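Down below is the structure, laid out as structure tokens.
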Amino acid sequence: MKREILISANPQESWVALMEDDHLVELMLDRADQGRLVGDIYLGRVDAVLPGIQAAFVDIGAEKAGFLHVSDLVTDEEEDEDANGDGEDRSGGNGRRRRSRKLPPIQEQLSRGDTVIVQVTKEPISTKGPRLTAQISLPGRFLVYMPFSSHVGVSRKIDQREERARLRQIAREVLPADSGGVIIRTVGEELTQAKFEGEFKRLHATWSKIKRRADSSKAPALVHREARLISGVIRDLFSDKFDALVVDNPEVHNEIVQYVRGVDPDLLERVRLDRDRIPLFDRFQIEEEIREAFQRKVNLPSGGYIIVEPTEALVSIDVNTGRFTGKGRKDPEETILKTNLDAAREIARQLRLRDIGGIIVVDFIDMESQENRDRVIHELRSHLGRDRARTKAFAVSDLGLVEMTRQRVRPSLFQTLTRACEHCGGSGRVFTSPTVVRRVERSLKRAAASGEEKSILVRVHPEVALHVMEEEPDFLSRIRGGEGLELDLQDDPLLREDEFRLLSGPAATDVTEKYARR
């Protein structure tokens, strides 16, 4: 399988796209206005202890207090060996399962007003505050360091018994007594003792700095910020399993080269700077696939389709044969099986692309054969195995339903890029002002790359124009300087909040459809 990482970055936002066989399978976005918290470490102050649910609410300085369950407090108990396997949980926590054990009541461990060092494992979503843990974990390139644990684990994806034993032995030789535990990550396969020791010292030094900051700070206070999106992706994902990493920003490219040269110089030849005038995402033809993340209906190769419906409680996915008739009316079961198999593959991809989390219910087309039901669930699980988020799919029920769970760490791409529409009582959503401005910027870059435009008037809703004036006053001058276009911005109350128009030249020719793609 051909795998690539594409990075498109500018001072306002960074996009990371994971490609498999030239198809977009995962899309990540980082913006300054998002206030991303996962992996950040805080000195928090306990606001309330709730014995009834064995949890506490902790003030970390965010809009909503964080939720800390008793099972996420530091205990003296050992953890299950290799339960998570990789330590590459995107939540920022160590992700290991715990043995069923009797935990001391939370009211015996915490009181209101106490201070505690905590790490964010889930972003605030909807009405819920961030999820917290006191079991701190610091991810490195090869290791995850856990200062409050004595556990030594190895990624399950390193499956050779001799290599697993060698890595454990290195860890036990290097780790000083009572210095914490580690999980050796997948990219740590064939790790040398020198590299292990070097990275452990760096992570241990980072933890020492965190403790010093916490000792000198007044709660609530941020004491350590997790690596931002691009740095985290290079650290956690980029390995010899990817054929290439392509980035369109020279400064970001230099930072990546410097990091890779220090940790894995063999990968340097796979890092490429894209200098083409045509935007990177356009040239790889993934704009159309990004739009799928906002469509209810997704067509299948067979001619069938699926309908994705997000709700407050869960996401429902319905499978339909559409115009697909297979080999004819004589074999409807074969037609249904083919559609369901296509749907299973596409559903796994759409969950990753849309970053859907929580409970998912899939309504496959009813099948009479138990063997065929087993084939569909096997196909679904095999493609879910490529997902970095933890997923679990249960057996197909008699009604053709499959109940699934997928790790929910942060709001989905749909929730991040849109907001509730005020004109329809919240039943629909529209793009936020920052999202509209970024769409305008990408469209203007396409116009400049075409070489056909000299001057463009941009019309936007007054709310978007106000955002530009207050939050990005250099927007027009930056685009003018970078792209060589004569630009002007005008508000238009007749436009929708997430609509914009591009008018070219003295004749004000509307060229919006020519350059606007998402």
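Just so it is clear: in the sequence shown, position 187 is 260 by the numbering used here, and no numbers are missing. C-beta: ideal position from N, C-alpha, C; glycine also. Computed from a predicted structure; not experimentally measured.
*asked:* Let's see if you can read the secondary structure: which residues bound the alpha helix (DSSP H) around Gly555?
replied: Phe548 to Glu556
*Please list, in chain order, all residues of the same chain as Thr582 whose beta carbon is under 8 Å from its beta carbon, the five residues on each side excluded.*
Leu576
*Would you list the one or two residues that DSSP bridges to Gln563?*
Arg532
*Tell me whether Arg170 is buried or exposed, calling it buried when 16 or more other Cβ atoms sit within 10 Å of its Cβ.*
Because Arg170 sits at a pLDDT of 43, beneath the cut-off of 50, its placement in the model cannot be relied upon, and the following sentence gives the value as read from the coordinates. By the neighbour-count rule (16 or more Cβ atoms within 10 Å), Arg170 is not buried but exposed.
*Which one of Met92, Ile80, His534 and Asn83 has the shortest CA to CA distance from Met74?*
Ranked by Cα distance from Met74, the first of Met92, Ile80, His534 and Asn83 is Met92.
*Would you mind listing the beta strand (DSSP E) stretches within the segment 329–384 that are 3+ residues and don't spill past its ends, in chain order?*
344–346, 370–372 and 378–383
*How about Val434 and Val388: are their beta carbons less than 9 Å apart?*
yes
*May I ask which residues mark the beginning and end of the alpha helix (DSSP H) holding Ser144?*
Careful: Ser144 lies outside any alpha helix (DSSP H) and carries neither H nor E.
*Proximity below 9 Å, CB of Leu426 to CB of Leu97*: yes
*For Met74, three-class secondary structure by DSSP*: coil
_Distance, Ile359 Cα to Thr585 Cα_ = 19 Å
_Stretch-stretch touch, CB-based, cutoff 8 Å, three pairs: the segment 175–182 with the segment 125–133_ = yes
_Of the residues Gln233, Lys284 and His277, the one placed nearest Gly261, counting alpha carbons only_ = Gln233
*Using the Cα positions of Val147 and Gly253, report the straight-line distance between them to the nearest angstrom.*
12 Å
_Spatial distance of Gly112 from Lys201 (CA atoms)_ = 17 Å
*Starting from Lys195, follow its DSSP beta bridges and name the residues at the other end.*
Arg204
*Using 10 angstroms around the beta-carbon of Pro203, count the other beta-carbons present and answer buried if the total reaches 16, otherwise exposed.*
buried
*What residues are listed by DSSP as bridge partners for His297?*
Ile114
*Locate the beta strand (DSSP E) running through Phe130, then write down its first and last residues.*
Looking at the DSSP string, the run of the beta strand (DSSP E) that includes Phe130 is Ala128 to Asp132.
*CA nearest to the CA of Ser657, picked from Val333, Lys587 and Arg301*: No answer is possible for residue 657: it lies beyond the span of the chain, which begins at 74 and ends at 591.
*Would you mind working out which of Phe548, Ser523 and Glu525 sits nearest Val531, comparing C-alpha positions?*
Phe548
*Which class does Thr505 belong to by DSSP, given the choice of helix, strand or coil?*
coil
*Give the range of the alpha helix (DSSP H) segment to which Gly271 is assigned.*
Gln266 to Asp288
*As assigned by DSSP and simplified to three states, the class of Phe487*: In the structure shown, the three-state DSSP call for Phe487 is helix.
*Simplified DSSP assignment, three categories, for His451*: helix
*Residue burial classification, Glu407 (beta-carbon count within 10 angstroms, cutoff 16)*: With a threshold of 16 other beta carbon atoms within 10 Å, Glu407 falls short and is exposed.
*Exposed or buried, what is Ser528 when buried is set at 16 or more other beta-carbons lying within 10 Å of its beta-carbon?*
exposed
*Return the Cβ separation of Val255 and Tyr218 in integer angstroms, given the expectation that the two are a contact with Cβ distance under 8 Å.*
Sure, about 6 Å apart at Cβ, within 8 Å.
*What is the rounded straight-line gap between the Cα of Ser228 and the Cα of Ile552?*
Cα to Cα, Ser228 sits roughly 46 Å from Ile552.
*Looking at C-alpha atoms only, which residue of Gly430, Asn322, Ala250 and Lys370 is the closest neighbour of Ala416?*
Measuring from the Cα of Ala416, the nearest candidate turns out to be Lys370.
*Could you name the residues that DSSP lists as bridge partners for Phe573?*
Val533
*In terms of alpha-carbon separation, which member of Asp120, Pro212, Arg285 and Ile429 lies closest to Phe273?*
Pro212
*Would you mind stating whether Ile420 and Glu299 have Cβ atoms separated by less than 9 Å?*
no
*Would you list the residues sitting across from Tyr588 in a DSSP beta bridge?*
Looking at the DSSP assignment, Tyr588 forms no beta bridge with any residue, so it has no partner.
*When DSSP labels each residue in this structure, what does Pro212 get in the three-state scheme?*
When secondary structure is reduced to three states using DSSP, Pro212 falls in the strand class.
*asked:* Taking 9 Å as the threshold (C-beta atoms), are Leu116 and Phe130 in contact?
replied: no
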